[in-house]
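Take a look at the structure below.
In this note's numbering, the protein residues as written are 757 to 933.
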């Protein structure tokens, strides 16, 4: 609804009324966006398309007062471009090269969110956009490597991998029914 005022809302925290400082239009609040692009072996076949789509997204969506940072989701998080204009960030996206390594997905998302928290002043919206297949193969690889050294007997289980496998199997079973 358009035209809402502070008096149209009531907010409570722990049962106590809170004062609303201001109601604003999100379209008028500058945006800081972290664009993460997967460069791992699992996306090499479609990397060129993803890269071009990411660059166009930045140029078309960001306004002049908005800023973007670019991270590569690689074997470890890799910042390609600190916060800058949409045009400069889009150019940086086009310089990223696909790799043949693993995917540190969760570490990259955390690194980008932390960077935005530290680099964006109060009063700006912060958004993380990820272009990836979502697999965190670097974490699985590291877990497997450390498990080789800490395993006693044959009772080793990788809970995250087991859970992912169970979800995948459940999905296959549901589609077969």
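Using N, Cα and C, we set each Cβ at its ideal position, and we do this for glycine too.
Annotation: the region 761-813 contains the following complete segments of the beta strand (DSSP E) (minimum length 3 residues), in chain order: 767-769, 772-774, 787-794. DSSP, read as helix, strand or coil, puts residue 816 in helix. The region 853-861 and the region 824-834 touch, with three or more beta-carbon pairs separated by less than 8 Å.
The Cβ atoms of residue 870 and residue 795 lie no closer than 8 Å to each other. Residue 855 and residue 784 have their C-alpha atoms spaced approximately 38 Å apart.
DSSP places residue 854 outside any alpha helix (DSSP H), giving it a letter other than H or E. Annotated as proximal: residue 791 and residue 885, with beta-carbon spacing under 8 Å.
Our two residues, residue 810 and residue 850, have alpha carbons roughly 9 Å apart in a direct line.
Burial check for residue 803: the Cβ neighbour count within 10 Å reaches 16 or more, so the residue is buried. For residue 834 and residue 879, the gap between their C-alpha atoms comes out near 26 Å.
In the DSSP assignment, the residues bridged to residue 883 are 789. Rounded to whole angstroms, the Cβ separation of residue 866 and residue 882 is 14 Å, and the two are not in contact under 8 Å. Checking the DSSP bridge columns, you'll see residue 828 partnered with 793, 834. Rounded to the nearest whole angstrom, the C-alpha separation of residue 778 and residue 843 is 32 Å.
One thing to note: residue 812 has its Cβ no nearer than 8 Å to the Cβ of residue 793.
Sixteen is the threshold: when 16 or more other Cβ atoms of the shown chains lie within 10 Å of the Cβ of residue 825, as they do, the residue is buried. Taking residue 767 as the centre and dropping the five residues before and after it, the same chain places the C-beta of 773, 774, 776 closer than 8 Å to its C-beta, in chain order.
In terms of Cα proximity to residue 889, the closest of 762, 797, 840, 781 is 797.
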